[in-house]
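Student:
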Amino acid sequence: MPIYQLTDDIIFPPVDGAEDGIVAVGGDLLPERLLLAYKLGIFPWYSEDEPIIWWSPDPRFVLFPERLHISKSMRRVINSDVLKVTFNQDFEGVIAACKKMPREGQQGTWITDEMELAYIRLHELGHAQSIEVWKENELVGGMYGVDLGSVFCGESMFSTVSNASKLALITFIKKFKQDGGKLFDCQVHSEHMVTMGAEEISRKEYLTFLPD
Numbered sequence: 180m181p182i183y184q185l186t187d188d189i190i191f192p193p194v195d196g197a198e199d200g201i202v203a204v205g206g207d208l209l210p211e212r213l214l215l216a217y218k219l220g221i222f223p224w225y226s227e228d229e230p231i232i233w234w235s236p237d238p239r240f241v242l243f244p245e246r247l248h249i250s251k252s253m254r255r256v257i258n259s260d261v262l263k264v265t266f267n268q269d270f271e272g273v274i275a276a277c278k279k280m281p282r283e284g285q286q287g288t289w290i291t292d293e294m295e296l297a298y299i300r301l302h303e304l305g306h307a308q309s310i311e312v313w314k315e316n317e318l319v320g321g322m323y324g325v326d327l328g329s330v331f332c333g334e335s336m337f338s339t340v341s342n343a344s345k346l347a348l349i350t351f352i353k354k355f356k357q358d359g360g361k362l363f364d365c366q367v368h369s370e371h372m373v374t375m376g377a378e379e380i381s382r383k384e385y386l387t388f389l390p391d
């Protein structure tokens, strides 16, 4: 089955026609297209030498805030004063650090220059958030993602000291839950997130959480 090729029109094909999770290729990363994609359960993920690839995997890997698992060791980290957490204080610093962070089993990064600029623009428009973790005024961890209201789509996280990215996630999930958040979208499976309570649900169920 041929993969749908996007044009300049800001539209996507139905996600139930995704081929191995791929909905379409091509297009651009304009804010309007990105926001439409996320609202339809689609996200971009590709390498620098590839066209933009748009995904909607089935199953979807998610974390329900009420099922967040916090280990005893992380509770000690939370209760200490060694690391400080802030929100939306250095989005550019967080995405730049995520871009540079080496990933096991990956050569290079999927956060291309184009993607970095696109998500910074989304942040400037109020649609993307960052969580920063500081140690003695140095940025040592954090995460960023796209805010859809009741759903938050986590894009990437980084850590240069032990537990910094976990602290960013836990702090965010607690605030997200208090603010009425229903679902944290991890997008694709990772053992790291399994230990935090993440699980797989069907694409069909995932789509029911998205705003109209």
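The opening position of the sequence shown corresponds to residue 180 in this note's numbering, with each subsequent residue numbered one higher.
Glycine included, each C-beta is placed from N, C-alpha and C at the ideal position.
Just so we're clear, the structure is a prediction, and the values are computed from it rather than from any experiment.
1) Going by CA-CA distance only, name the one from Glu271, Leu262, Thr374 and Glu378 that's closest to Gln366.
2) Express the C-alpha separation of Asp260 and Asp207 in angstroms, rounding to a whole number.
3) Return the residue from the list Asp326, Gly196, Val264 and Pro192 that minimises the CA-CA distance to Asp137.
4) Relative to the C-alpha of Leu213, which candidate in Val204, Pro223 and Cys277 has its C-alpha closest?
5) Can the beta-carbon of Gly200 be found less than 8 angstroms from the beta-carbon of Ser252?
6) To which residues of the same chain is Gln184 closer than 8 angstroms at the C-beta, ignoring the five residues directly before and after it?
7) For the stretch 288–304 against the stretch 337–351, do three or more pairs of beta-carbon atoms, one drawn from each stretch, fall closer than 8 angstroms, so that the two count as touching?
8) From Asn342 to Ile310, what distance separates their C-alpha atoms?
9) With 8 angstroms as the threshold, decide whether the Cβ of Leu214 is near any Cβ in chain B.
10) Quick one: is the Cβ of Glu334 within less than 7 angstroms of any heavy atom of the ligand GDP?
11) When you compare each of Thr339, Ile352, Lys356 and Leu389 to Pro281 by their alpha carbons, which one comes out closest?
12) Would the stretch 368–377 and the stretch 228–248 be scored as touching if the rule is three or more Cβ pairs under 8 angstroms?
13) Hey, Leu362 and Val330 are a contact pair by Cβ (cut 8 angstroms); roughly how many whole angstroms apart?
14) Using the Cβ count rule (16 or more neighbours within 10 Å means buried), how would you classify Gly360?
15) Helix, strand or coil for Gln286, going by three-state DSSP, please let me know.
16) Among all the DSSP beta bridges, which residues are the ones paired with Ser309?
17) Below 8 angstroms between beta carbons: does that hold for Lys314 and Leu242?
18) Between which two residues does the beta strand (DSSP E) containing Arg239 stretch?
19) With distances taken Cα to Cα, identify the nearest neighbour of Ser369 among Ile182, Glu334 and Asp391.
20) Round the Cβ separation of Phe240 and Met372 to the nearest angstrom and send it over; I've been treating them as touching at under 8 angstroms.
Tutor: With the given structure in hand:
1) Glu378
2) In this structure, the alpha-carbon of Asp207 lies about 43 angstroms from that of Asp260.
3) The chain is shown from 180 up to 391; residue 137 falls before or after that span and cannot be answered.
4) Pro223
5) In this structure, Gly200 lies away from Ser252, with their beta-carbon atoms at least 8 angstroms apart.
6) Ala203, Val204 and Gly205
7) The stretch 288–304, when compared against the stretch 337–351, does not touch it at the 8 angstroms Cβ threshold.
8) Rounded to the nearest angstrom, the two C-alpha atoms are 14 angstroms apart.
9) Reference to chain B is not applicable here, since this structure consists of a single protein chain.
10) Among the ligands in the structure shown, none appear at all, so the ligand GDP cannot be discussed.
11) Thr339
12) yes
13) Between Leu362 and Val330 the beta-carbon gap is near 5 angstroms, inside 8 angstroms, which marks them as a contact.
14) buried
15) At Gln286 the pLDDT is 44, less than 50, meaning the model places this residue with poor confidence; the figure from the coordinates comes in the next sentence. In this structure, Gln286 counts as coil in the three-state DSSP scheme.
16) Note: Ser309 sits in a beta bridge opposite Tyr323.
17) no
18) Arg239 to Leu242
19) Nearest C-alpha to Ser369: Glu334.
20) 7 angstroms
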